[in-house]
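S.K.:
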Amino acid sequence: MQSSLQTDRRFPPVNRRRDWRVWWRLTRPHTLTAAFVPVSIGTALAFHETNIRISLFIAMLVASLFIQAATNMFNEYYDFKRGLDSPESVGIGGAIVREGIHPKAVLYLAIFLFAIAMLIGVYICVNSSWWLALIGSICMAAGYFYTGGPVPIAYTPFGELAAGFFMGLVIILISFFIQTGEVTKTAILISVPIAILVGAILLANNIRDLDGDKENGRKTLAILVGRNNAIRILAGMFAISFIWMIGLVLFHLVSVWTLLVFFSVPKAITATKGFIGKTKPIEMMPAMKATAQTNTQFGFLLAIGLLISYWL
């Protein structure tokens, strides 16, 4: 007799030869830089203030990556439960609808990653401040409620704002604080363009999924303003990020070396142009990828600029 999983039409036949790549795709690796980049920037900025504790850097990095991966898994689980994902869906891990992984397995894995992140958080708190336990809990709650709960953040116009705030500004400031024991004006200001670019990743995702989201009752920013205006907003977010860095240099808050971020301008242009005139999700995947790559390149170049200015 076939199992209920195999006979449920919502699932494809169970792939008994699946390998680790199924689980790797489930993390949505192209989004993980949204966790890696802020930790790197906060730590690089802390070099200017104190001696860096590598153990805290690694702990913060791993915890952030686990929270980001778990958030993606909650997204996969709840979008499936709400009937939003299908084998043809673009931009998903596909573990449930394409590989036959049971939804509960995805949910339990997300919870497990959250639990590991919490244990790492205890280590960070012991070596810095217990106030971070509250802040970290709020960040994890935001990760869950992004697609979980009765009114998911992702279904509202505030998804980009929430992602940018928690995965950009907050992670940079925590990464800086655990090394220095303080939060400075410069740390806050330098986190702004990264917060914007993290939000841009979500906006690009919502532009790509606009038609499907509209059919399923979502009220994302892209739906509210329309595709063309959403593309203009995306271009504006890129522009503001670069102009912001010029302002920080002109006000002598950071070194001119941080203008290395301008080497990521071509990728931002590619991302913006990649959405123009496109209506099918598969056609917009290169633009979506370029948006994530802009965040990655901008962030790494900023971290490198901060380190160069420290050593010179």
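Numbering (the working numbering), first residue to last: 13 to 324.
Note that beta-carbon positions come from the ideal geometry of N, C-alpha and C, so glycine has one too.
Small disclaimer: the values here were computed from a predicted structure and weren't measured.
Could you compute how far the alpha carbon of Leu201 sits from the alpha carbon of Leu215?
M.R.: 22 Å
S.K.: Compare the C-alpha of Ala174 against each of Phe189, Ile213, Val195 and name the closest.
M.R.: Ile213
S.K.: What is the DSSP secondary structure of Val163, counted as helix, strand or coil?
M.R.: coil
S.K.: Can you list, in chain order, the residues of its chain with a C-beta nearer than 6 Å to that of Arg29? Leave out the 5 residues immediately preceding and following it.
M.R.: Because the pLDDT at Arg29 is just 49, under 50, the model does not fix this residue reliably, and the point stays unresolved.
S.K.: Taking only runs that begin and end inside the region 57 to 125, name each unbroken beta strand (DSSP E) of 3 or more residues, in chain order.
M.R.: Here no run is fully enclosed.
S.K.: Is the CB-CB distance between Thr282 and Leu314 below 7 Å?
M.R.: For Thr282 and Leu314, no; Cβs fall outside 7 Å.
S.K.: DSSP state of Gln309, grouped into three classes?
M.R.: helix
S.K.: Within its chain, find whatever has a CB closer than 6 Å to the CB of Phe263; leave out the 5 residues flanking it on each side and keep chain order.
M.R.: none
S.K.: Check Ala304 in the structure and name its three-state DSSP category.
M.R.: helix
S.K.: Quick check on Gly171: does DSSP put it in helix, strand or coil?
M.R.: helix
S.K.: For a minimum of 4 consecutive residues, which ranges assigned as the alpha helix (DSSP H) are wholly contained in the region 184 to 226?
M.R.: 197 to 220
S.K.: Please classify Leu185: is it buried, with 16 or more other beta-carbons within 10 angstroms of its beta-carbon, or exposed?
M.R.: buried
S.K.: Please determine if the region 144 to 160 and the region 109 to 118 are in contact, where contact requires at least 3 C-beta pairs separated by less than 8 Å.
M.R.: no
S.K.: So what's Arg40 in DSSP terms, helix, strand or just coil?
M.R.: Look at Arg40 here: in three-state DSSP terms it is coil, with no helix or strand label.
S.K.: Along the alpha helix (DSSP H) that carries Ile245, what are the first and last residues, could you check?
M.R.: 239 to 262
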